[in-house]
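J.: In the working numbering, the protein residues as written are 595 to 734.
Positions of the beta carbon are idealized from the N, C-alpha and C atoms, including for glycine.
Can you keep this structure in mind? I'll have questions shortly.
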């Protein structure tokens, strides 16, 4: 069977990740290697408030990973992910071979964006609302 590249997004339990970031994120590489996979890029995406509580948690740490794995091993990897208590949710998608290089290089070099609270805000007198500065500049 052929090896394919997959994009995986994980939502980690923020409390467990905060106590042991290397161990929680390192579990992904360990699981992939257990089934003959290879990690191409793996990094923190962001930590954010969840839309709804998962297992009583209101915050989650998003982790993005690109990995190469034989397709027949994907079921075993998903089973292993489901058994990991630090992973609250996961989504694994097959990547089109034509864009693998671009996605992996972007993930390897990208930095986490600044939180919204750190961006300057502008009060619009006509609407009485506060909007991000870059949005206010567009309307003017």
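1) May I ask you to report which of helix, strand or coil DSSP gives residue 630?
2) Work out the CA separation of residue 688 and residue 611 for me, nearest whole Å.
3) Going along the chain, which residues of its own chain have a beta-carbon closer than 6 Å to the beta-carbon of residue 596, five neighbours each way excluded?
4) One question on the structure: do residue 606 and residue 686 come within less than 8 Å of each other, judged by their Cβ atoms?
5) What do you reckon, are the CB atoms on residue 626 and residue 678 nearer than 8 Å?
6) Give the list of continuous beta strand (DSSP E) stretches no shorter than 3 residues that lie fully inside the segment 601–675.
7) Please say whether residue 660 and residue 642 have beta carbons closer to each other than 8 Å?
8) Quick check: what's the CA-CA separation for residue 684 versus residue 628?
T.: Working from what's here:
1) coil
2) 26 Å
3) none
4) no
5) no
6) 632–648, 651–664
7) no
8) So the two alpha carbons sit approximately 18 Å from each other.
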